[in-house]
Amino acid sequence: MLCIDKDKLSEIEKEARQSYPVECCGLLIGTNTSEKKVIEVRSIRNTNTERSHDRYEIEGREFIKADKEAARKGLQIIGIYHSHPDHPAIPSDFDTEHAWCGYSYLIAAVENGIKIEIRSWVFDDEKKVFQEEEINGS
């Protein structure tokens, strides 16, 4: 289960709408003890310029910088979020090919720049598929 409050979900929804028709992306920073709890949402620039309408890319330096900043606060990167412009909130083949085990992958589907559906997924490294993860948006 991914615990993320409504304000942080609203931040992601707003960013997904504003970036439409290109994918936005960012990091979910928090704790991963008995449950995954998002403490911070960190927007990261999508560096994929060739296929930004259906691909995202996070620059390695930005990921490392965010990871170090999180560690200084006693937190860690627990997931990645991105949007799917005019595509369902399910992982694409590209998402599956580039997934890391253990991370939550929160996908915000944006239809026509307005309607939003958010779902979260965790990659099962053994089966090589995503499993849907419940979102607790209290």
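Convert by adding 17 to the 1-based position in the sequence shown; the result is the number in the numbering used here. Glycine included, C-beta positions come from ideal geometry on N, C-alpha and C.
Fill in: Cβ-based neighbour list, K25, same chain, cut-off 7 Å, excluding 5 preceding and 5 following
V55 and V58
Discussion item. Among the candidates N63, K82 and E128, whose CA atom is the shortest distance from the CA of H99?
Written reply: N63
Worksheet item: Out of curiosity, what's the CA-to-CA distance linking E67 and Y73?
Response: Straight-line Cα distance between these residues: approximately 10 Å.
Discussion item. Looking at the secondary structure, which residues open and close the alpha helix (DSSP H) in which S100 lies?
Written reply: Taken as a continuous stretch (DSSP letters only), S100 belongs to no alpha helix (DSSP H), being part of the beta strand (DSSP E) at Q93 to P102.
Item to complete: Would you tell me roughly how many angstroms separate the C-alpha atoms of K145 and A106, rounded to the nearest one?
Response: Rounded to the nearest angstrom, the two C-alpha atoms are 18 Å apart.
Worksheet item: So which of S60, C20 and R78 has the shortest CA-CA distance to S51?
Response: C20
Practice prompt. Please list, in chain order, all residues of the same chain as A33 whose beta carbon is under 7 Å from its beta carbon, the five residues on each side excluded.
Written response: C41, S100, A125, V127 and I133
Worksheet item: Over what stretch of residues does the beta strand (DSSP E) that includes I124 continue unbroken?
Response: S121 to E128
Practice prompt. Compute the beta-carbon to beta-carbon distance between F147 and T113, rounded to the nearest angstrom, for a pair I have assumed lies under 8 Å.
Written response: 6 Å
Worksheet item: K54 lies in the beta strand (DSSP E); which residues open and close that run?
Response: K53 to I61
Fill in: V139 versus Q93: straight-line alpha-carbon distance, rounded
Rounded to whole angstroms, the separation of the alpha carbons of Q93 and V139 is 16 Å.
Worksheet entry | Cβ-Cβ distance between G43 and S60 below 8 Å | yes
Worksheet item: Run through DSSP, which three-state label would T64 get?
Response: T64 falls in the coil class under three-state DSSP.
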